[in-house]
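Participant: Residue numbers (my numbering), protein chains in the order written: chain A, 445 to 691; chain B, 51 to 322. From the three backbone atoms N, C-alpha and C, an ideal C-beta is built for every residue, glycine too.
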Amino acid sequence: MSGPTSMKLASPTPVDARIRKKYLIIYFIIIFLSFIPLTIFENYYFTLFWVSGWTWLFWLLIPFNIIAGIYIILFSSLIVSKIFIMIVNLIHKPKEGIFQRDIKDKDYLFWNIRNLIKKWPLYVAGTNPLPWLKNKFVLRIFGVRIGKNTSCDQCWISSEFITIGNNVICGISSSILSYGIEMDKFYIKKINIGDNVEMGSKVVLMPGTQVGENAKIFAHSYTLPGQILEVNKNYGGHPAKLLEESK
Amino acid sequence: MVQLKNNKIQIISTSGIFKDKASFFLLIEFICGIFIVIYTSLWLIDYLLQGFWILWLLVPLSVYGCLYLFTFTTTFIAFLLLRLVNKIYPPKEGIFERDSKGWKFWRYRYWITYLPLWSVRALPLPWLDIAIYRIFGVKLGRNVCIYDGWVDPEFITIGDHTMTSLNTIIHSHLIYNDKLIIQHVEIGKNCIIGPQTIVSPGTIMEEETILGANSITKIGQLLEGGKIHVGIPAIKSIPILSIEESEKKLAKLGVDKYKKKQEGKIQEEKKE
Chain A
445 MSGPTSMKLA SPTPVDARIR KKYLIIYFII IFLSFIPLTI FENYYFTLFW VSGWTWLFWL
505 LIPFNIIAGI YIILFSSLIV SKIFIMIVNL IHKPKEGIFQ RDIKDKDYLF WNIRNLIKKW
565 PLYVAGTNPL PWLKNKFVLR IFGVRIGKNT SCDQCWISSE FITIGNNVIC GISSSILSYG
625 IEMDKFYIKK INIGDNVEMG SKVVLMPGTQ VGENAKIFAH SYTLPGQILE VNKNYGGHPA
685 KLLEESK
Chain B
51 MVQLKNNKIQ IISTSGIFKD KASFFLLIEF ICGIFIVIYT SLWLIDYLLQ GFWILWLLVP
111 LSVYGCLYLF TFTTTFIAFL LLRLVNKIYP PKEGIFERDS KGWKFWRYRY WITYLPLWSV
171 RALPLPWLDI AIYRIFGVKL GRNVCIYDGW VDPEFITIGD HTMTSLNTII HSHLIYNDKL
231 IIQHVEIGKN CIIGPQTIVS PGTIMEEETI LGANSITKIG QLLEGGKIHV GIPAIKSIPI
291 LSIEESEKKL AKLGVDKYKK KQEGKIQEEK KE
């Protein structure tokens, strides 16, 4: 039951085509820098086992070498992009609000640049065949607060302005988006999800949604921007409405 | 059969995956798969190191073959592990509590089948996943297309010539509160399952049924054959019409576009 072939499970990082053209060089620099630790590691591996004559150990340890390689790329890309993000955040701090969808608007511009920087590590984490240190780990590093025992590796979560509590189940192929575009307006709003929340598959949470503790959202429903879902209640529908208490 | 007293449960369809010690099954398959790939291609590497430069032309072919070899060795090991786990606790339908034996072994089965399905869908030939589903015991007919959806690897039968679309979910399991529900899904011949739909556990689709886009089925719902079913949950059912018939119907209802089309057709017929 892995994901469909045409859908990668990396978190959504849309980038405006006009901005992408200008700043694409950053993307390539990040990829280039994140491969350097891997090449150093492989060089040491080769010299240690092959050149010194331990060829049988060289072949025996290849599987572990591949697993280590996957995680070295993950960690190095994370560190590089985190440094880039910190530099960009020093120039312009990310904040919530309603902005113009225009390159001249500084918030929109820097939101796009942040997405461009985050794209590579999120892609590496999303396409990792092993289930450890996937999307959840990378999102946590980028500042999304995710609690313990939360399962959210099979859905799309924006990489900023989101807090998720403990023991939350995010259903398969559901999406939690903290940004939205409406005509020429662009808005970012924070999403809060409490403890023990259960979300069905294909739920869409729009920016500004507040979900209370123990609330349940039924499959295939979406919320309005800024909607508040109360504690211990069931919600469902298009848009999500309060359902009667189950007897 | 699973019987549910609560009607409200029938709408939710949560499916979470819990990471735990059971996912170490995956590591065994991964390591074994890479070992076998390396030891079968060692002869080629040996010749290359000796200086047979013409053999470099074989390298792309070897890489391509190794990808398939990896998926099929992982599948084989997963199949053996699945047999072993199923002998200890045979999989069965029903409602299971959290931390009970049924829940635990369902997670084992999930993690055993995870890697082969992941790797077959990452291949350049994703249609091959039908073969791996069949190995894991899903009964699939001829001409079935399921590579663009989330399909459970157990308790599912799909008939001949059935099509599924992008991002459909066909689940034989479901998590509600602290309970796990497992029930058999039956999909008949010549069915079409639309995009963005969810097929809940226990659904029975008869022959030549169409499940419309963006719709959900309830737990244990029976979809009548020869009809289109739509809605959340799928309550409405519409008879299947040909394009000409549906255009006539729309023209009667007064949709301008189709009205003009119909008038044009009538005039052409008169000219002839």
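In the region 613-641 of chain A, which residues sit with their C-beta less than 8 Å from some C-beta in chain B, listed in chain order?
Facilitator: The residues in question are I613, C614, G615, I616 and S617.
Participant: Would a check of beta-carbon distances place B/L273 closer than 8 Å to chain A?
Facilitator: Position 223 of the second sequence, counting from 1, holds the residue named residue 273 of chain B. Closer than 8 Å: no.
Participant: Go ahead and label B/V113 buried or exposed: buried means 16 or more other beta carbons lie within 10 angstroms of its beta carbon, across all protein chains shown.
Facilitator: Against the second sequence, residue 113 of chain B aligns to sequence position 63. The residue is exposed, with fewer than 16 neighbouring Cβ atoms inside 10 Å.
Participant: Counting only Cβ pairs nearer than 9 Å, list the residues of chain A close to B/D198.
Facilitator: Within the second sequence, the letter at position 148 stands for residue 198 of chain B. Neighbours of B/D198 on chain A, chain order: P448, T449, S450 and M451.
Participant: Between the beta-carbon of B/L76 and the beta-carbon of B/Y164, is there less than 8 Å?
Facilitator: Taking the second sequence and counting its residues from 1, the one referred to as residue 76 of chain B is at position 26. Taking the second sequence and counting its residues from 1, the one referred to as residue 164 of chain B is at position 114. Result yes, Cβ atoms of B/L76 and B/Y164 sit closer than 8 Å.
Participant: Are the beta-carbon atoms of A/H682 and B/I248 separated by less than 8 Å?
Facilitator: Locating residue 682 of chain A in the first sequence gives position 238, where the first residue counts as 1. Locating residue 248 of chain B in the second sequence gives position 198, where the first residue counts as 1. No, the pair does not count as a contact, with Cβ atoms beyond the cut-off.
Participant: Which whole-angstrom value is the C-beta distance of A/N610 and A/N636, which I expect to be below 8 Å?
Facilitator: As a position in the first sequence, residue 610 of chain A is number 166, starting the count at 1. As a position in the first sequence, residue 636 of chain A is number 192, starting the count at 1. That belief does not hold up - the Cβ atoms of A/N610 and A/N636 are roughly 13 Å apart, past 8 Å.
Participant: Are the C-beta of A/K548 and some C-beta of chain B separated by less than 8 Å?
Facilitator: Within the first sequence, the letter at position 104 stands for residue 548 of chain A. It does not; no Cβ of chain B falls within 8 Å.
Participant: Give the DSSP-derived three-state secondary structure of A/S525 in the structure shown.
Facilitator: Working through the first sequence from its first residue, we reach residue 525 of chain A at position 81. Note: A/S525 maps to helix in three-state DSSP.
Participant: For a quick check, are the C-beta atoms of A/I606 and A/V588 less than 8 Å apart?
Facilitator: Residue numbering aside, residue 606 of chain A sits at position 162 when the first sequence is read from its first letter. Residue numbering aside, residue 588 of chain A sits at position 144 when the first sequence is read from its first letter. Against a cut-off of 8 Å, the Cβ pair of A/V588 and A/I606 comes out as a contact.
Participant: Quick one: grab the DSSP three-state call for A/Q654.
Facilitator: Within the first sequence, residue 654 of chain A is the residue found at index 210, counting from 1. Strand, per DSSP.
Participant: Using a beta-carbon distance below 8 Å, is B/Q53 in contact with chain A?
Facilitator: Counting from 1 along the second sequence, the entry for residue 53 of chain B is found at position 3. Here the model assigns B/Q53 a pLDDT of 48, short of 50, so the residue's position is not dependable, and the following value carries that caveat. Output row for B/Q53: interface = no.
Participant: Taking C-beta pairs closer than 7 Å, name the residues in chain A that B/W168 reaches, listed in chain order.
Facilitator: Here residue 168 of chain B refers to the residue found at position 118 of the second sequence. Under the 7 Å cutoff, chain A gives S446 and P573.
Participant: Of all the residues that make up the region 483-514 of chain A, which are near chain B by a beta-carbon distance shorter than 8 Å?
Facilitator: Taking 8 Å as the Cβ-Cβ cut-off against chain B, the residues of the region 483-514 of chain A that qualify are W503, I506, P507, F508, I510 and I511.
Participant: In the structure shown, what three-state DSSP assignment does B/E295 receive?
Facilitator: Sequence index remark: in the second sequence, residue 295 of chain B carries index 245 (1-based). It is helical.
Participant: So B/E204 and B/G191 are in contact, right, with Cβ under 8 Å, and what is the actual spacing, rounded?
Facilitator: Position 154 of the second sequence, counted from the start, is the residue given in the question as residue 204 of chain B. Position 141 of the second sequence, counted from the start, is the residue given in the question as residue 191 of chain B. So it is not a contact: roughly 17 Å between Cβ atoms.
Participant: Using CA atoms only, rank isn't needed, just tell me which of B/I95, B/V170, B/P141 and B/K268 is closest to B/F126.
Facilitator: As a first step, residue 126 of chain B must be located in the second sequence, where it is residue number 76. Here the closest residue by C-alpha is B/V170.
Participant: Sorted by chain position, which residues of the same chain lie with C-beta nearer than 8 Å to A/I535's C-beta, five sequence neighbours on each side aside?
Facilitator: Residue mapping note: residue 535 of chain A aligns to position 91 of the first sequence, counting from 1. So the qualifying residues of the chain are F554.
Participant: Taking contact to mean 3 or more Cβ pairs, one atom from each stretch, closer than 8 Å, check whether the region 123-139 of chain B and the region 75-93 of chain B are in contact.
Facilitator: The region 123-139 of chain B, when compared against the region 75-93 of chain B, does touch it at the 8 Å Cβ threshold.
Participant: In whole angstroms, give me the CA-to-CA distance for A/L668 and B/K137.
Facilitator: Start at 1 with the first residue of the first sequence, and residue 668 of chain A comes out as number 224. Start at 1 with the first residue of the second sequence, and residue 137 of chain B comes out as number 87. So the alpha carbons of these two residues sit roughly 49 Å apart.
Participant: Taking A/V648 and A/Y666 to be in contact with their CB atoms under 8 Å, please state how far apart those CB atoms are, rounded to whole angstroms.
Facilitator: Working through the first sequence from its first residue, we reach residue 648 of chain A at position 204. Working through the first sequence from its first residue, we reach residue 666 of chain A at position 222. Rounded, the Cβ-Cβ distance is 4 Å, consistent with contact.
Participant: Which residues in the same chain as B/E319 place their Cβ atom closer than 6 Å to its Cβ, once the five residues preceding and following it in sequence are excluded?
Facilitator: Here residue 319 of chain B corresponds to residue number 269 of the second sequence, with the count starting at 1. Nothing listed; no residue qualifies.
Participant: Taking Cβ-Cβ distances below 8 Å as the criterion, which residues of the region 278-303 of chain B are in contact with chain A?
Facilitator: Going along the region 278-303 of chain B in chain order, one finds I282 with a Cβ nearer than 8 Å to chain A.
Participant: Should B/F75 be flagged as near chain A, meaning a C-beta pair shorter than 8 Å?
Facilitator: Taking the first residue of the second sequence as position 1, residue 75 of chain B is located at position 25. Chain A contact via Cβ: absent.
Participant: Would you say B/P174 faces chain A, with C-beta separation under 8 Å as the test?
Facilitator: Along the second sequence, read from residue 1 onward, the residue named residue 174 of chain B stands at position 124. No, its Cβ sits nowhere closer than 8 Å to a Cβ of chain A.
Participant: Quick one: what's B/C195 bridged to in DSSP?
Facilitator: Translated into positions along the second sequence, residue 195 of chain B becomes position 145. According to DSSP, which records beta bridges pairwise, B/C195 is partnered with B/M213.
Participant: Cβ of B/I219 within 8 Å of Cβ of A/I613?
Facilitator: Position 169 of the second sequence, counted from the start, is the residue given in the question as residue 219 of chain B. Position 169 of the first sequence, counted from the start, is the residue given in the question as residue 613 of chain A. Result no, Cβ atoms of B/I219 and A/I613 do not sit closer than 8 Å.
Participant: Anything in chain A within Cβ reach of B/R323, meaning under 8 Å, just list it in chain order.
Facilitator: Outside the shown range of chain B (51 to 322) lies residue 323 of chain B, about which nothing can therefore be said.
Participant: Note down, in chain order, all residues in the region 642-668 of chain A with a beta-carbon under 7 Å from any beta-carbon belonging to chain B.
Facilitator: Hits within the stretch, in order: E642, M643, G644, S645, K646, K660, F662, A663 and H664.
Participant: Cα separation between A/K677 and A/V641?
Facilitator: Sequence index remark: in the first sequence, residue 677 of chain A carries index 233 (1-based). Sequence index remark: in the first sequence, residue 641 of chain A carries index 197 (1-based). Cα to Cα, the separation comes out at about 10 Å.
Participant: Following a CB-centred definition, is A/Y489 positioned closer than 7 Å to any heavy atom of the ligand FAD?
Facilitator: Of the ligands one can find in the structure shown there are none, so the ligand FAD has no counterpart to examine.
Participant: Skipping 5 residues on each side, what residues in its chain have a beta carbon closer than 7 Å to that of A/I542?
Facilitator: On the first sequence, residue 542 of chain A is found 98 positions in, with the first residue counted as 1. Counting only Cβ-Cβ distances below 7 Å, and skipping sequence neighbours, we find K629 and Y631.
Participant: Report the option in A/A461, A/T483 and A/L566 whose CA atom is closest to the CA atom of A/A512.
Facilitator: As a first step, residue 512 of chain A must be located in the first sequence, where it is residue number 68. The shortest C-alpha separation from A/A512 is found at A/T483.
Participant: Would you grab the beta carbon distance between B/E258 and B/G244 for me? Rounded to a whole angstrom, and I think it's under 8 Å.
Facilitator: Here residue 258 of chain B corresponds to residue number 208 of the second sequence, with the count starting at 1. Here residue 244 of chain B corresponds to residue number 194 of the second sequence, with the count starting at 1. The Cβ separation is near 15 Å, so there is no contact.
Participant: Specify whether the region 449-467 of chain A and the region 486-495 of chain A touch according to this definition: at least 3 beta carbon pairs, one from each stretch, less than 8 Å apart.
Facilitator: No, the region 449-467 of chain A does not touch the region 486-495 of chain A.
Participant: Using the C-alpha atoms, what's the distance from B/N240 back to B/L167?
Facilitator: For the purposes of this step, residue 167 of chain B is identified with residue 117 of the second sequence, where counting begins at 1. For the purposes of this step, residue 240 of chain B is identified with residue 190 of the second sequence, where counting begins at 1. Going by the C-alpha atoms only, they are around 25 Å apart.
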